[in-house]
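**Student:** Below is one structure. I have some questions about it.
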Amino acid sequence: MSYDYEKWIRPGKLPHIWCPGCGHGIVMKGLIRAFDTLGFKKENTCIVSGIGCASRLPGYIDCCTLHTAHGRAAAFATGVKMARPEMDVICVGGDGDGCAIGGNHFIHMCRRNIDMTYIVMNNKIYGMTGGQFSSSTPTGAKASTTPYGNPDPAFDIAKLAIGAGATFVARGTAFHATQIDKLIVEAVQHKGMSVVEILDDCPTTYGRRNKFKSVVEMMNNLKETTVPVKAAEKMTPEQLQGKVLTGVLYKEEGRSDYTTEYAKVIERAQAAKK
Amino acid sequence: MSKKVAFLQGNEAAAHGAIYAGCTFFAGYPITPSTEIAEVCSVELPKVGGKFIQMEDEIGAMSAVLGASLAGAKALTATSGPGLSLKQEIIGYGCIAEIPVVIIDIMRGGPSTGMPTGPSQSDIMAAKWGTHGDHPAICLVPASVQEIFDETVRAFNLAEKYRTPVMVMPDEIVGHMRERIVFPEPGEIPVIDRTAPSVPPEKYKPYDTSFGDIPPLAAFGSGYKFHVTGLNKMEDGFPTTKAPIVQAEEERQVRKVEANKADIMKWEEYMVDDAEIVVVAFGSTSRSARFAVNAAREQGIKAGLFRLITFWPFPEERMLEISKKVKAFITPEMNLGQCNGVVRGCIEGNAPVYGIYHVDGEPVNPEEILKKMKEVK
Chain C
1 MSYDYEKWIR
11 PGKLPHIWCP
21 GCGHGIVMKG
31 LIRAFDTLGF
41 KKENTCIVSG
51 IGCASRLPGY
61 IDCCTLHTAH
71 GRAAAFATGV
81 KMARPEMDVI
91 CVGGDGDGCA
101 IGGNHFIHMC
111 RRNIDMTYIV
121 MNNKIYGMTG
131 GQFSSSTPTG
141 AKASTTPYGN
151 PDPAFDIAKL
161 AIGAGATFVA
171 RGTAFHATQI
181 DKLIVEAVQH
191 KGMSVVEILD
201 DCPTTYGRRN
211 KFKSVVEMMN
221 NLKETTVPVK
231 AAEKMTPEQL
241 QGKVLTGVLY
251 KEEGRSDYTT
261 EYAKVIERAQ
271 AAKK
Chain L
275 MSKKVAFLQG
285 NEAAAHGAIY
295 AGCTFFAGYP
305 ITPSTEIAEV
315 CSVELPKVGG
325 KFIQMEDEIG
335 AMSAVLGASL
345 AGAKALTATS
355 GPGLSLKQEI
365 IGYGCIAEIP
375 VVIIDIMRGG
385 PSTGMPTGPS
395 QSDIMAAKWG
405 THGDHPAICL
415 VPASVQEIFD
425 ETVRAFNLAE
435 KYRTPVMVMP
445 DEIVGHMRER
455 IVFPEPGEIP
465 VIDRTAPSVP
475 PEKYKPYDTS
485 FGDIPPLAAF
495 GSGYKFHVTG
505 LNKMEDGFPT
515 TKAPIVQAEE
525 ERQVRKVEAN
535 KADIMKWEEY
545 MVDDAEIVVV
555 AFGSTSRSAR
565 FAVNAAREQG
575 IKAGLFRLIT
585 FWPFPEERML
595 EISKKVKAFI
605 TPEMNLGQCN
615 GVVRGCIEGN
625 APVYGIYHVD
635 GEPVNPEEIL
645 KKMKEVK
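Residue numbers (the numbering used here), protein chains in the order written: chain C, 1 to 274; chain L, 275 to 651.
Dropping the structure here:
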């Protein structure tokens, strides 16, 4: 199947800022395929991001785009969605932006079950500032601020989203390119809060410090350390040791979303007024 | 038909003023002594089809109002000292991205948690310099319940007209006092909406200065698509580091307010014409000052009151003119001399500027001001 990438890329805005081997561009193409598949309208689509390499994505896509402050994508997006519930609102950004500095907004966005999608590009590092450890850097890994190995445990972003109340949570990887758009399509069609974590790579600031010899090795690592959730059902705990699950990890149907609930608040307030 | 009259708290009047001005979105976080604004908005906004959301923190509230404004809503947030500190980065985002929004800050003691229920006027410099970088600042300082209503309407009008965040900063005394208020009829106070683009969507640029210093603002979801960033930007909204563009854009953002000072500044002069001592005051302190001026006149002291209603931009030129005719200024204020320093900065040393400062949670009372007048006359 062919996709109309050019329709969604803003004229004159490429090349992008991402390093060779970075997975963010793979995610962006997946997002465009999802838009194209669903026939999204540019004027009705709003992409909101925070700060960081991944958060530069909205600048390249031709729709309503809002590149906010560090960590605040979810909160700005909540304002957009509340004011215009009919818009398709999608947040994109990195792991540190979304879940460290933006962690509070992230969990409360999930709790509200607001009808938006948040795509976290988890490359396990603060890339734009040169490779400091993030809230999802594995324990023991090297970063510019963990020269002796990371003492911090890492967030499981998908579990965080499920625990906080998101009603659709999926995980993909930058290696599994064709899966990305399928997960995004399902996520944006879900009525309620959907989170898609994409395990990503940063060869420049993470791979280099953690003995990955090439981008190919990093990509293969994403392949080898992940297992589709359906395949995992047939595997033993020993076989699943050290593996991360991918696919749709959680889906809850029927729970009312936030803007629908707020419309009821308006109805009740206006009924009380009469 | 007689007008609607009510006995209202200042904070309640602020919420009603916002709705009169066309506010349809409030995001906030509970904080003393501003919480009643959120409470009244939660009751009243849905009645007019508006939205209220209690966010998870102050930063989230500030972010949500900017998002809602970009989607076309007139948006309000309310807070107090610590919340104002937290919001500051996002206020700067509103300045550089040129997003109309109103922030009400009910001033309490500080720094930090300070005295949450004590009155203060110590956020005045934070209104101008709290967020990093150079940026426009508009700050209104009402002194009565009626004026909170009226100035909140004006704040929305200024935000929409100049496409920038506007702050309303009553001190806690004005925010929590109860007074008679007369509601204006719809249309009695003009309500200004942001200028919508006159060009079709394919020609729209969010910072197109061919329309002047204040470019028209389209709304997300209205058929227009554009990019907004907190980076220094070009007229099409995309980031740039080109020195001449960055310099010109930053200067324009500040010029939006500086070149329109006459429209934004507002003050009241009470017996200033022949005054030898002029008290410069705002908020509840100006009420004590008026009392002191009256008492001084009865005792033959030629005193006057310069009451600020707009604090930023500050009426520098008028202050300089007055300074050429007076023997002294007195600035009574609930801080350690923030207004005093601003007055000194305008008057080229023409007259001494004496201060009366309270940071103890007590108001400045008229007797203190009268005593100072007698000392300096």
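Just so it is clear, CB atoms sit at the ideal spot from N, CA and C, and this is done for glycine as well.
Quick check for students: name the residue ranges of the beta strand (DSSP E) that lie wholly in the region 352-391 of chain L, counting only runs of 3 or more.
**Tutor:** 375-379
**Student:** Just the Cα atoms here: how many angstroms apart are Leu594/L and Ala289/L?
**Tutor:** 36 angstroms
**Student:** What residues of chain C sit near Met329/L, judged by a beta carbon separation below 7 angstroms?
**Tutor:** Ala75
**Student:** Identify whether Cys19/C lies in helix, strand or coil by the three-state DSSP scheme.
**Tutor:** coil
**Student:** Against chain B, with Cβ distances strictly below 7 angstroms, would Lys646/L count as a contact?
**Tutor:** Of the chains in the structure shown, none is chain B; the protein chains are C and L.
**Student:** From which residue to which residue does the beta strand (DSSP E) around Gln573/L run?
**Tutor:** Where Gln573/L is concerned, there is no enclosing beta strand (DSSP E), given that its DSSP letter is neither H nor E.
**Student:** How is the beta strand (DSSP E) around Gln283/L delimited, first residue to last?
**Tutor:** Its beta strand (DSSP E) spans residues 279-283.
**Student:** With a threshold of 16 other CB atoms inside 10 Å of the CB of Met235/C, please say whether the residue is buried or exposed.
**Tutor:** exposed
**Student:** Which residue from Leu14/C, His108/C, Thr117/C puts its Cα closest to that of Ile90/C?
**Tutor:** Of the candidates Leu14/C, His108/C, Thr117/C, the one whose C-alpha sits nearest the C-alpha of Ile90/C is Thr117/C.
**Student:** So Gly355/L packs on Met336/L, CB below 8 angstroms; how close in whole Å?
**Tutor:** Actually they are not in contact, since the Cβ atoms of Gly355/L and Met336/L sit about 14 angstroms apart, beyond 8 angstroms.
**Student:** Using a Cβ cut-off of 7 angstroms (strictly closer), state whether Tyr294/L contacts chain C.
**Tutor:** no
**Student:** Cβ atoms of Val415/L and Met443/L: under 7 angstroms apart, would you say?
**Tutor:** yes
**Student:** Counting only beta-carbon separations shorter than 7 angstroms, does Ile266/C have a partner in chain L?
**Tutor:** At a cut-off of 7 angstroms between beta-carbon atoms, Ile266/C makes contact with chain L.
**Student:** Report the neighbours of Asn44/C on chain L: residues whose CB is nearer than 8 angstroms to its CB, in chain order.
**Tutor:** Neighbours of Asn44/C across chain L, judged by C-beta separation under 8 angstroms: Gly495.
**Student:** Distance check for Pro393/L and Gly635/L, CA to CA, integer angstroms please.
**Tutor:** Our two residues, Gly635/L and Pro393/L, have alpha carbons roughly 5 angstroms apart in a direct line.
**Student:** From Ser343/L to Thr351/L, what distance separates their C-alpha atoms?
**Tutor:** 11 angstroms
**Student:** So if I threshold CB-CB distances at 8 angstroms, which residues from the region 86-100 of chain C count as touching chain L?
**Tutor:** Glu86, Met87
**Student:** Return the chain-ordered list of same chain residues with a C-beta closer than 7 angstroms to the C-beta of Thr145/C, the five sequence neighbours on each side being excluded.
**Tutor:** So the qualifying residues of the chain are Gln132, Phe133.
**Student:** To the nearest angstrom, report how far apart Val185/C and Ser276/L are at their CA atoms.
**Tutor:** 58 angstroms
**Student:** If distances are taken between C-alpha atoms only, which option among Thr306/L, Trp586/L, Val520/L, Gly323/L comes closest to Cys297/L?
**Tutor:** Gly323/L
**Student:** Considering only C-alpha positions, which residue in the set Lys182/C, His190/C, Phe175/C, Glu224/C is nearest to Asp201/C?
**Tutor:** Phe175/C
**Student:** So Gln307/L and Thr391/L are in contact, right, with Cβ under 8 angstroms, and what is the actual spacing, rounded?
**Tutor:** In the sequence as presented, Gln is not what sits at residue 307/L; that position holds Pro. About 6 angstroms separates the CB atoms of Pro307/L and Thr391/L; that is less than 8 angstroms, so the two are in contact.
**Student:** Would you call Asp445/L buried or exposed, if buried means 16 or more other Cβ atoms sit within 10 Å of its Cβ?
**Tutor:** buried
**Student:** Just to make sure I have the definition right: I need the residues of chain C whose C-beta is within less than 9 angstroms of the C-beta of Pro480/L. Which are they?
**Tutor:** Going along chain C, no residue has its Cβ under 9 angstroms from Pro480/L, so there is no contact; the nearest lies around 11 angstroms.
**Student:** Show which residues of chain C have a CB atom less than 8 angstroms away from the CB atom of Glu656/L.
**Tutor:** In the structure as shown, chain L begins at 275 and stops at 651. Residue 656/L is therefore absent and cannot be evaluated.
**Student:** Quick one: what does DSSP say Gly629/L is sitting in, helix, strand or coil?
**Tutor:** strand
**Student:** Please report the straight-line C-alpha distance between Thr205/C and Phe40/C, rounded to a whole angstrom.
**Tutor:** The alpha-carbon atoms of Thr205/C and Phe40/C are separated by roughly 35 angstroms.
**Student:** Taking 7 angstroms as the cut-off, decide whether the C-beta atoms of Gly578/L and Val546/L are in contact.
**Tutor:** yes
**Student:** Let me know if Leu66/C comes out buried or exposed under the rule of 16 or more other beta-carbons within 10 Å of its beta-carbon.
**Tutor:** buried
**Student:** Between Gly192/C and Asn113/C, is the Cβ-Cβ spacing less than 7 angstroms?
**Tutor:** Annotated as proximal: Gly192/C and Asn113/C, with beta-carbon spacing under 7 angstroms.
**Student:** May I ask you to report which of helix, strand or coil DSSP gives Tyr60/C?
**Tutor:** Under the three-state reduction of DSSP, Tyr60/C is assigned to helix.
**Student:** Along the chain, where does the beta strand (DSSP E) containing Gly94/C start, and where does it finish?
**Tutor:** 88-94
**Student:** Taking Leu340/L as the query, report the chain C residues whose CB atoms sit under 7 angstroms from its CB, ordered along the chain.
**Tutor:** Neighbours of Leu340/L in chain C, taken as residues whose beta carbon is under 7 angstroms from its own, are Phe76, Gly79 in chain order.
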